[in-house]
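Remarks on the structure that follows.
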Amino acid sequence: MTHFLYRLYHGLVISRPRLALALVALLLAGLAAGLPNFKLDASADSLTLEQDASVDYFREISKRYQSGDFLVVTYTPKAPLMSDASLANLAALQAELAEVPGVVGVNSILNVPLLYSPLVSMGGLSNPTTLSDPSVDRALAEKEFLLSPVYKEMLLGPDGQTTAILLNLAVDETYIGMVRERDTLRTLARKGELSAAQRARLEAVSAEFLAYRTAESERAAARVAQVREIVSHYKDEAQIFLGGVTMITADMIAFIKSDLVVFGSAILLFILVLMAIIFRNWVFVVLPLMTAVGAVLAMLGWLSWIDWRLTVISSNFVALLMIIGLAITIHLVVRYRELAAHQPAQPQQMLVEQTVQLMFKPIVYTVMTTMVAFASLVVSNIRPVMDFGWMMVIGLAVATTLAFVIIPAGLMWAGRDRLAAAARADDNPAFTLFFARFTERFGGSVLLLALGLAALSGLGISQLKVENRFIDYFRPSTEIYQGMTVIDQNLGGTATLDILLEGPIVGPSQDNAANDPFNEVDAFDTPDPFDAPEPVLEVDPFAEVDPFSEQNPNTPTRESYWFTGAGLAQIEQLHDYLETLPEVGKVQSLATAYKVARDINGAPLNDFELAVLRQSLPDNVNKLLVSPYLSAEHNQARITLRVKETDPNLRRAELIEKIRAYATGDALDLAPAQVKFSGVLVLYNNMLQSLFHSQIVTLGAVFLGIALMMSVLFRSLLLALIGILPNLLAAAVVLGVMGLAGIALDMMTITIAAIVVGIGVDNTIHYMHRFRREFEQSGQYMASMHRAHGSIGRALFYTSVIIIQGFSILALSNFIPSVYFGLLTALAMLAAILAALTLLPKLILVLKPFGAERRDG
134 MTHFLYRLYH
144 GLVISRPRLA
154 LALVALLLAG
164 LAAGLPNFKL
174 DASADSLTLE
184 QDASVDYFRE
194 ISKRYQSGDF
204 LVVTYTPKAP
214 LMSDASLANL
224 AALQAELAEV
234 PGVVGVNSIL
244 NVPLLYSPLV
254 SMGGLSNPTT
264 LSDPSVDRAL
274 AEKEFLLSPV
284 YKEMLLGPDG
294 QTTAILLNLA
304 VDETYIGMVR
314 ERDTLRTLAR
324 KGELSAAQRA
334 RLEAVSAEFL
344 AYRTAESERA
354 AARVAQVREI
364 VSHYKDEAQI
374 FLGGVTMITA
384 DMIAFIKSDL
394 VVFGSAILLF
404 ILVLMAIIFR
414 NWVFVVLPLM
424 TAVGAVLAML
434 GWLSWIDWRL
444 TVISSNFVAL
454 LMIIGLAITI
464 HLVVRYRELA
474 AHQPAQPQQM
484 LVEQTVQLMF
494 KPIVYTVMTT
504 MVAFASLVVS
514 NIRPVMDFGW
524 MMVIGLAVAT
534 TLAFVIIPAG
544 LMWAGRDRLA
554 AAARADDNPA
564 FTLFFARFTE
574 RFGGSVLLLA
584 LGLAALSGLG
594 ISQLKVENRF
604 IDYFRPSTEI
614 YQGMTVIDQN
624 LGGTATLDIL
634 LEGPIVGPSQ
644 DNAANDPFNE
654 VDAFDTPDPF
664 DAPEPVLEVD
674 PFAEVDPFSE
684 QNPNTPTRES
694 YWFTGAGLAQ
704 IEQLHDYLET
714 LPEVGKVQSL
724 ATAYKVARDI
734 NGAPLNDFEL
744 AVLRQSLPDN
754 VNKLLVSPYL
764 SAEHNQARIT
774 LRVKETDPNL
784 RRAELIEKIR
794 AYATGDALDL
804 APAQVKFSGV
814 LVLYNNMLQS
824 LFHSQIVTLG
834 AVFLGIALMM
844 SVLFRSLLLA
854 LIGILPNLLA
864 AAVVLGVMGL
874 AGIALDMMTI
884 TIAAIVVGIG
894 VDNTIHYMHR
904 FRREFEQSGQ
914 YMASMHRAHG
924 SIGRALFYTS
934 VIIIQGFSIL
944 ALSNFIPSVY
954 FGLLTALAML
964 AAILAALTLL
974 PKLILVLKPF
984 GAERRDG
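Residues in the sequence shown are numbered consecutively from 134, following my numbering.
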């Protein structure tokens with residue numbers, strides 16, 4: 134700190150402590166006034182990659198096929214499902230759900246057309262029966278729901294007792310339009326091609342989109358709440374669960390909010406008790422807590438004012454900021470207590486000045502290195518991870534500033550008399566000397582143990598997988614877990630994957646020929662349709678609808694390769710293959726319509742018959758079997774499937790590549806450009822794959838940056854390398870434990886490595902800084918180690934114990950990412966403190982980086 138800045142600081146903080154504290158209180162009050170605007174964000178933007186082309190393609194496909202989001206209500210009545218009472222209750226529930234705002238359609242066993250109960254004729258397609266019709270054979274209908282290609286694994290579970298009500302939600306075209314405009318302008322901005330008018334429009338549309346997205350998120354949460362309220366009235370007659378991506382999003386936000394309030398308060402209270410036991414003086418408890426809580430309050434208030442929203446990941450910054458804020462303040466408090474115990478006659482102002490002067494440099498350097506660790510997350514290209522990194526960088530600056538204001542000003546205000554007895558307690562021998570004696574006696578064993586841990590950690594890291602299932606976010610006892618299990622095991626799965634098949638690329642003349650239903654197959658070259666036993670279409674297609682008539686409203690502008698015999702054969706082959714995959718649930722495509730038509734006709738249809746069928750399908754059947762899976766305008770077919778989140782062997786990337794390999798292999802021989810993927814599963818998989826790449830790149834950058842900073846601080850490359858090694862081991866141990874325990878690398882656990890490095894570097898810098906000071910006085914390495922353990926070692930140990938115990942409370946959360954965050958953070962702290970108090974001093978003793986010992990030491 135320069136002389137001018139120190140004089141300014143001295144005049145504002147140490148000389149006028151009450152004024153300094155009053156100004157801090159006013160500042161915090163002003164920032165806290167923004168807290169009512171605090172928001173959590175779990176939108177698609179917060180769960181996907183920045184600049185991911187798959188996101189725009191996903192929106193395009195959703196709009197093209199009008200495939201909006203959906204909710205699933207599972208219904209398992211206590212009475213037999215096909216009884217009058219159960220069906221009446223189901224009908225009443227369905228009617229209420231249909232009135233929920235945002236729901237554009239409700240499908241259940243009650244209102245979908247029955248095609249096999251009994252098997253309808255082609256003429257009967259225009260007026261199919263439903264289960265609600267009194268004349269329907271319910272046993273036959275139940276068989277259809279269980280076995281037909283249309284409804285199998287979609288509306289009725291294999292037990293014949295669990296059914297589903299599918300709530301189709303509207304495609305939000307306003308949302309899609311706004312986000313596309315925003316992203317287009319953002320792309321121009323990144324290229325430096327934005328005009329002044331476009332820049333103004335970008336700011337306007339970004340604000341408009343944020344406001345719209347906020348309102349839509351609130352509407353979605355209200356919709357889920359309303360559905361839950363409706364189904365609660367029917368739980369006396371049936372077991373009912375709610376599923377769907379919208380519900381998962383709403384529940385994740387609810388769990389995060391609950392953890393922030395309940396466990397945040399519990400951790401704070403637990404830390405308060407621990408600090409009271411350790412320091413035995415309210416001043417040494419209140420001041421650190423004021424600093425840590427003040428830093429969190431300031432950041433949350435500021436984020437609320439500027440409408441920078443927390444996500445599933447960045448919400449962890451609250452707990453971490455409290456960790457590091459406490460660590461900074463505890464170092465200041467322990468140093469003050471040490472000085473007060475050794476200099477009982479020294480006036481309070483002198484003790485506070487010495488504390489600030491001695492601790493300023495190591496604290497600033499530790500904070501800067503921790504900032505480097507968290508800033509590395511910005512290169513991940515994953516918006517919530519990037520936000521988390523920036524929030525931690527800014528929060529660390531705030532916490533450090535508050536620590537050097539609140540702690541010195543608070544100590545000056547409290548006065549020496551109130552603190553004398555508690556300060557004298559630090560004159561007792563430190564229990565951390567046990568680690569010094571252990572390192573002195575068993576130093577060789579420490580090095581061997583470190584090598585063994587490194588090897589074991591390497592084995593664990595080799596088993597790390599980049600994957601996670603949404604169901605793993607919740608405990609088996611929670612309603613959301615049970616609901617997802619029922620849907621996966623009985624009703625076809627949860628997360629969606631779309632496979633888009635592009636038509637073969639042909640020349641103009643071929644293209645025109647392909648669209649002519651009379652060109653490929655001459656209908657009169659087929660066997661005599663009146664010659665048994667081969668059946669034909671039972672209805673004269675020209676009697677009701679002339680596909681060549683200008684008045685026919687259903688005539689498309691062009692036909693598609695995929696609605697020909699050759700195209701449908703390829704789709705059916707891929708469809709059947711997908712159904713053999715254990716992680717795949719319900720599969721829907723044009724193959725379903727083809728199988729139904731073949732069953733009705735009694736034989737395969739030729740291209741002419743398919744063309745006629747395409748034109749003559751009634752609207753309700755077309756919407757059910759054709760239009761969701763065919764875009765004739767784009768000559769594109771869509772296969773949609775749902776993935777079973779409960780499958781323990783689910784690997785998203787491997788599943789996608791397996792499907793791609795089959796589609797482009799000898800079986801189908803499609804060109805790679807003809808096979809594309811979309812859906813929630815693709816977006817999430819892209820993000821997961823980026824995580825692993827960013828983990829490797831960022832960790833390397835972090836250690837390089839920290840090594841350079843430590844080289845500057847200690848003016849020694851050897852010391853920098855010594856300081857890095859324990860942190861490498863701590864990070865390897867945590868990642869190794871994750872690999873051995875089967876904890877996947879995902880959005881939540883990606884931040885653990887940065888946490889380990891940030892915390893570990895704090896410990897090593899503080900310890901090495903104190904060791905060097907002690908060596909300058911004693912000239913003896915062994916004596917310096919014991920003194921460093923007895924002084925700074927105490928502060929490091931206090932900090933670690935408080936944080937390990939506090940964050941272990943998160944193990945009680947119902948939100949598994951919070952459990953992992955708490956336990957892995959505790960493990961990170963344990964690994965970091967043990968490495969700092971054993972491996973680090975042993976490396977210093979062996980390598981002697983401070984020079985030769987002095988004989989007069």
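All C-beta atoms in this analysis are idealised placements derived from N, C-alpha and C, irrespective of residue type, glycine included.
Please read these numbers as outputs of a predicted model, since none were measured by experiment.
> Of all the CB atoms in chain D, is at least one closer than 7 Å to the CB of Ser187?
Replying inline: Included in the structure is just one protein chain, with no chain D present.
> Roughly how many angstroms separate the alpha carbons of Arg334 and Glu314, rounded to a whole number?
Replying inline: Rounded to whole angstroms, Arg334 to Glu314 spans 9 Å at the Cα level.
> What first and last residue would you give for the beta strand (DSSP E) that runs through Val77?
Replying inline: This structure cannot speak to residue 77, because the chain is shown only from 134 to 990.
>> Considering just the uninterrupted stretch of the beta strand (DSSP E) at Ala628, what are its terminal residues?
In response: Start and end: 628–635.
> Counting only runs that start and end within the stretch 560–599, where is the alpha helix (DSSP H) found for 4 or more residues in a row?
Replying inline: Runs found: 566–595.
> Under 7 Å, do Ser437 and Phe171 count as touching if we go by C-beta distance?
Replying inline: Yes, they are a contact pair.
> Three-state secondary structure (DSSP) at Ile242?
Replying inline: Annotated three-state conformation of Ile242 is coil, per DSSP.
>> Just to confirm the assignment: which complete alpha helix (DSSP H) runs, minimum length 4, are found wholly within the stretch 420–462?
In response: Fully enclosed alpha helix (DSSP H) runs of 4 or longer: not present.
> Which residues bound the alpha helix (DSSP H) around Thr618?
Replying inline: The continuous alpha helix (DSSP H) containing Thr618 extends over residues 612–623.
> Under the three-state reduction of DSSP, which class applies to Phe983: helix, strand or coil?
Replying inline: Coil.
> Based on Cα-Cα distance, which residue from Pro715, Ile829, Phe948, Gly616 lies nearest to Val205?
Replying inline: Ranking Pro715, Ile829, Phe948, Gly616 by Cα distance to Val205 puts Gly616 first.
> Going by beta carbon distance, what residues of the same chain come within less than 8 Å of Val867, once the five residues before and after it are set aside?
Replying inline: Within the same chain, and ignoring the five residues on either side of Val867 in sequence, the residues whose Cβ sits closer than 8 Å to its Cβ are Ile885, Ala886, Val889, Leu957, Leu960, Ala961, Ala964.
>> Check for me: the alpha helix (DSSP H) holding Ala794 runs from which residue to which?
In response: It spans 785–797 - the alpha helix (DSSP H) in which Ala794 sits, taken as one unbroken run.
>> Please state whether the Cβ-Cβ distance between Leu484 and Ala473 is less than 7 Å.
In response: Judged by beta-carbon spacing, Ala473 lies within the 7 Å limit of Leu484, meaning their Cβ atoms are closer than that value.
>> Does Asp802 pass the burial test, meaning 16 or more other C-beta atoms within 10 Å, or should it be called exposed?
In response: Around the beta carbon of Asp802, fewer than 16 other beta carbons sit within 10 angstroms, so the residue counts as exposed.
> Taking the alpha helix (DSSP H) that Gln703 falls in, what are its first and last residues?
Replying inline: Here the alpha helix (DSSP H) through Gln703 covers 698–712.
> From which residue to which residue does the alpha helix (DSSP H) around Phe537 run?
Replying inline: From DSSP, the alpha helix (DSSP H) with Phe537 extends over 516–547.
> Quick one: is Ile733 buried, meaning 16 or more other Cβ sit within 10 Å of its Cβ, or exposed?
Replying inline: Burial check for Ile733: the Cβ neighbour count within 10 Å reaches 16 or more, so the residue is buried.
> How far does the beta strand (DSSP E) with Arg771 in it reach, from first residue to last?
Replying inline: Per DSSP, Arg771 belongs to the beta strand (DSSP E) from 769–776.
>> Does the stretch 315–323 come into contact with the stretch 225–232, if we say contact requires no fewer than three beta-carbon pairs (one atom in each stretch) closer than 8 Å?
In response: For the pair of segments examined, the stretch 315–323 was found not to touch the stretch 225–232: the number of CB pairs separated by less than 8 Å stays below three.
>> For a test of the three-state rule: what should DSSP assign to Val416, helix, strand or coil?
In response: Helix at Val416.
> Helix, strand or coil: which one does DSSP assign to Pro150?
Replying inline: DSSP places Pro150 in helix when its eight states are reduced to three.
> Mind checking whether Asp605 and Ile883 have CB atoms under 7 Å apart?
Replying inline: No; because the gap between Cβ atoms is not below 7 Å, this pair is not in contact.
>> Once the 5 residues before and after Leu161 are set aside, which same chain residues still bring their CB inside 8 Å of it?
In response: So the qualifying residues of the chain are Gly427, Leu430, Ala431, Gly434.
>> Can you tell me where the alpha helix (DSSP H) holding Gln487 begins and where it ends?
In response: Segment 481–508, the alpha helix (DSSP H) holding Gln487.
> Comparing alpha-carbon positions, which option in Leu929, Ala944, Val934 lies nearest Arg468?
Replying inline: The residue with the shortest Cα to Cα distance from Arg468 is Leu929.
> Counting Cβ pairs closer than 8 Å, one from the stretch 773–790 and one from the stretch 621–629, do we hit at least three?
Replying inline: Counting Cβ pairs under 8 Å, three or more are found: they touch.
>> Let me make sure I understand the geometry here. Which of Ala874, Leu223, Leu164, Gly290 has the alpha-carbon closest to that of Ser590?
In response: Taking only the C-alpha atoms, the option nearest Ser590 is Ala874.
> Pick from Gln721, Gln769, Pro761: whose alpha carbon is nearest that of Gly636?
Replying inline: That would be Gln769, whose Cα lies nearest to the Cα of Gly636.
> Who pairs with Ala297 in a beta bridge, going by DSSP?
Replying inline: Note: Ala297 sits in a beta bridge opposite Thr207.
> Name the DSSP bridge partner or partners of Ile373?
Replying inline: Residue pairing by DSSP puts Ile373 in a beta bridge opposite Tyr208.
>> Here's the rule I'm using: 16 or more other beta-carbon atoms within 10 Å means buried, otherwise exposed. How should Pro926 be labelled?
In response: Residue identity check: residue 926 is Gly in the sequence provided, not Pro. By the Cβ-count criterion, Gly926 is buried, with 16 or more other Cβ atoms from all chains shown falling within 10 Å of its own Cβ.
> Roughly how many angstroms lie between the CA atoms of Asp305 and Gly201, to the nearest whole one?
Replying inline: Computed Cα separation, rounded: 8 Å.
>> Rounding to the nearest angstrom, what Cα-Cα distance links Gln807 and Leu633 in this structure?
In response: Per the coordinates, the alpha-carbon of Gln807 lies some 8 Å from the alpha-carbon of Leu633.
> When the Cα of Phe537 is compared with those of Gly290, Ala794, Gly458, which residue comes out closest?
Replying inline: Considering only alpha carbons, the answer is Gly458.
> By DSSP, does Phe607 sit in helix, in strand, or in coil?
Replying inline: Looking at Phe607 - three-state DSSP - the assignment turns out to be strand.
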